[in-house]
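Here the numbering used here is used: the first residue of the sequence shown is 10, the next is one more, and so on.
Ideal Cβ positions, reconstructed from N, Cα and C, are used throughout, including at glycine.
In this text, all values refer to a predicted model and were calculated from it rather than measured experimentally.
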Amino acid sequence: MQPSEAISAEPVHHFARLLSNCIRTNDLKLGRLIHSRLIKTALTFNTFLANRLIYMYSKCCSIEYAQQAFNELSDKNAQSWNTMLSAYSQKGLFEKTFQLLDVMPDPNAVSYNSIISSLTHHGFPRKAMGFFKRMQTQRGNGFLIDEFTVVSVVNTCAGLGALNLLRELHGLATVIGVMFNLVVCNALIDAYGKCVKPGYSYSIFCQMRETDVFSWTSLLVAYIRASRMADACSLFDHMPIRNVVAWTALITGFAQNGEGDKALCTFKEMLEEGIVPRASTYVGVLSSCADIPLIEKGKQVHGHIFRCTCLIDLHNIFVVNALVDMYSKCGDMISAMRLFERLDGKDRVTWNSIINGFAQNGNGVMSLFMFEKMIETDTTPNHVTFLGVLSACSHCGLLPEGFQYLHSMERKYGIVPQLDHYAILIDLLGRKNMLGEAADLIKRAPWGRDNIGMWGALLGACRVHGNLKLARRVAEDLFELEPDNAARYIMLSNIYAAAGRWGDARTLRRYIYDRGLVKETAYSWIEINNIRHKFIAKDKSHSRLEEIKELLLKLVDPMKDAGYIFQIECSYFLVDDAFC
């Protein structure tokens with residue numbers, strides 16, 4: 010039978026329905042049997058069925074068979090080409106995609122939309138934008154930019170953070186008459202949110218003729234990205250439908266903005282509403298427990314996952330990584346290590362969590378050991394990995410090794426050291442009383458001269474080692490960078506007091522008072538039996554104050570025996586903070 014011969018519509022529709030079922034159920038085995046039957050009945054010459062066959066294979070992740078069906082089709086139409094083009098691009102096979110596009114008789118808007126969308130999805134927004142510009146040059150050849158083009162390129166702009174291009178596209182959507190299309194509006198709300206412009210997102214939301222759950226959720230996330238949590242909460246309260254995505258977004262938003270208590274309360278409300286959490290929900294909640302940190306709450310969440318998710322989420326790598334991170338930050342390295350060892354398919358985040366966990370908890374030797382194990386597994390480290398490695402060196406006093414790791418970052422792994430990496434070595438040099446070397450390193454570090462954290466660490470080291478001369482120079486730099494930070498002036502006054510320079514100390518304290526500078530109140534807290542105890546300097550309101558004072562007095566002798574030296578020589582100024 011030749012392609013031009015007429016074929017009865019009945020078998021065509023029958024096989025089309027069968028192929029649709031294969032696509033819906035992802036049944037490759039049945040699809041292959043249908044393909045065999047089509048070959049025997051010569052129906053592979055039918056362009057409509059051949060196109061469905063190509064599409065079925067692409068959806069069943071069998072690109073080779075899709076390509077075979079495409080090559081066997083002699084009478085290809087635009088849909089044939091676009092289906093194969095989409096199959097390649099969606100799988101990230103862009104070399105084959107571009108080769109096919111070059112030989113395609115008449116590429117159209119569908120062709121370019123597919124490529125732009127796939128490039129953006131696979132993390133190539135700049136290449137996607139290049140294809141959009143190429144598409145625009147073809148508009149004179151009958152190309153029509155439609156709502157699908159707008160949505161694809163809007164997502165590309167969001168990936169690039171290209172606000173000006175996004176505005177231009179917003180205008181183009183208005184010109185071509187798709188501005189009030191629901192999908193276009195939702196994409197614009199989301200894109201402006203990713204560019205941290207929630208005001209624009211809200212403006213579009215207010216102009217929409219109809220909204221759906223995605224509209225509300227996109228605006229919610231836009232507010233959260235801009236740290237406008239009050240607006241996010243207000244919007245959340247007015248949402249007609251609050252699905253698991255919205256709840257998870259709010260929980261994650263609180264966690265990312267340092268409001269862990271609110272994240273935990275929101276999670277509790279979510280469960281009371283009968284909403285079933287996703288893996289991403291647990292990640293947000295565990296992140297809150299890690300950052301506060303609240304190990305008892307974290308254990309409760311861990312137990313909830315164990316009881317309520319049929320163990321599926323306990324094998325989800327994102328959830329396990331969050332659990333390892335939570336236990337590490339809460340100081341329970343035994344539990345963290347137990348989860349780490351049970352996890353198959355560890356990724357870089359898993360290794361980073363355990364390496365940084367040991368470093369943060371003072372076990373530098375184990376942290377460096379885990380780093381070597383990570384390298385043995387051919388897992389590539391990143392800048393977060395080296396924060397843990399350098400912290401481990403600092404805790405162990407391994408100065409030469411610390412500099413070796415710092416130099417290996419760029420030389421061996423192509424990672425440019427950041428200020429945080431230099432800051433750890435500044436701290437290490439400070440501990441070693443190598444203050445001059447620390448000052449030199451700050452000056453050599455990229456943008457180090459303007460880094461408040463590094464100069465602050467060096468000033469603290471000057472106080473510990475009583476280096477008044479360097480302390481004054483460092484403090485002068487800090488006063489220029491932070492003229493209104495009372496803590497820097499107070500630290501220098503304490504250094505003066507420790508050196509017996511009482512007049513200079515009083516002068517500096519008077520300067521603080523005259524300028525009206527106020528030191529931000531610091532506090533410490535501990536959670537015992539799910540009750541949080543908060544302590545502020547000079548606060549006498551705690552119900553068990555006398556017990557605490559009695560215990561502190563009992564600790565004095567053991568602290569002295571352990572080698573701790575009390576800085577009583579400057580105690581007058583250390584306690585005289587009332588007017589600051």
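Item                                                                                                                                                                        : Value
For His324, does the count of other Cβ atoms within 10 angstroms reach 16, so buried, or fall short, so exposed?                                                            : exposed
Taking 8 angstroms as the threshold (C-beta atoms), are Ser67 and Ala25 in contact?                                                                                         : no
Give the secondary structure of Ile521 by DSSP, where H, G and I count as helix, E and B as strand, and everything else as coil.                                            : helix
Quick check on DSSP: helix, strand or coil for Ile535?                                                                                                                      : strand
If we count the other Cβ atoms within 10 Å of its Cβ and call it buried at 16 or more, is Lys563 buried or exposed?                                                         : exposed
Please list, in chain order, all residues of the same chain as Met113 whose beta carbon is under 6 angstroms from its beta carbon, the five residues on each side excluded. : Trp90
Would you mind sorting Thr257 into buried or exposed? The rule is 16 or more other CB atoms within 10 Å of its CB.                                                          : buried
Compare the beta carbon distance of Ile521 and Ile499 with 8 angstroms and say whether it is the shorter of the two.                                                        : yes
Could you give the uninterrupted runs of the alpha helix (DSSP H) lying entirely in the stretch 306-377, keeping only those of 4 residues or more?                          : 326-338, 342-351 and 357-369
What residue range is occupied by the uninterrupted alpha helix (DSSP H) comprising Lys68?                                                                                  : Thr56 to Lys68
Does the pairing of the stretch 416-423 with the stretch 438-457 give three or more beta-carbon distances under 8 angstroms?                                                : no
Round the Cβ separation of Leu444 and Ala470 to the nearest angstrom and send it over; I've been treating them as touching at under 8 angstroms.                            : 6 angstroms
For Val253 versus Ile284, is the C-beta distance shorter than 8 angstroms?                                                                                                  : yes
Comparing alpha-carbon positions, which option in His430, Glu419 and Met138 lies nearest Val398?                                                                            : His430
Going by DSSP, name the residue or residues bridged to His542.                                                                                                              : Ile535
Since Thr129 contacts Ala137 with CB under 8 angstroms, what's their CB separation in whole angstroms?                                                                      : 5 angstroms
Can you tell which of Gly312, Ser376, Gly354 and Asn476 has the C-alpha that lies nearest to the C-alpha of Asn330?                                                         : Gly354
If you reduce the DSSP assignment to three classes, tell me which class His22 lands in.                                                                                     : helix
Taking the alpha-carbon positions, what's the Lys308 to Ala167 distance?                                                                                                    : 37 angstroms
Let me confirm a value: Val328 is counted as buried when at least 16 other C-beta atoms fall within 10 Å, else exposed. Which label applies?                                : buried
In its own chain, which residues sit with a C-beta less than 8 angstroms from the C-beta of Lys441, not counting the 5 before and 5 after it?                               : Gly406 and Leu408
Are Leu348 and Ile326 close, meaning C-beta to C-beta below 8 angstroms?                                                                                                    : no
With Cys471 as the anchor, note down where its alpha helix (DSSP H) starts and where it stops.                                                                              : Ile461 to His474
Starting from the Cα of His404, find the closest Cα among Ala196, Leu560, Ile435 and Arg497 and give me that residue.                                                       : Ile435
Pull up the CB-CB distance for Gly373 and Ala345, whole angstroms please, since I reckon it's below 8 angstroms.                                                            : At roughly 16 angstroms, the Cβ-Cβ gap does not stay under 8 angstroms, so Gly373 and Ala345 are not in contact.
Taking just the CA atoms, how far does Lys338 sit from Gly293?                                                                                                              : 15 angstroms
Using 8 angstroms as the Cβ pair cut-off and three pairs as the minimum, do the stretch 215-226 and the stretch 190-207 touch?                                              : yes
Quick one: is Ile364 buried, meaning 16 or more other Cβ sit within 10 Å of its Cβ, or exposed?                                                                             : buried
For the alpha helix (DSSP H) that Ala272 lies in, which residues bound it at each end?                                                                                      : Gly269 to Glu281
Starting from Trp256, follow the alpha helix (DSSP H) in both directions and report where the run begins and ends.                                                          : Val253 to Gln265
Where Ser29 and Asn35 are concerned, what is the direct C-alpha to C-alpha distance, given to the nearest angstrom?                                                         : 10 angstroms
Taking the alpha helix (DSSP H) that Arg420 belongs to, which residues open and close that run?                                                                             : Leu408 to Tyr422
Let me know the secondary structure DSSP gives Thr50 once reduced to three states.                                                                                          : coil
Please name the residue, chosen from His311, Phe315 and Ile260, that lies closest to Thr290 on a Cα-to-Cα basis.                                                            : Ile260
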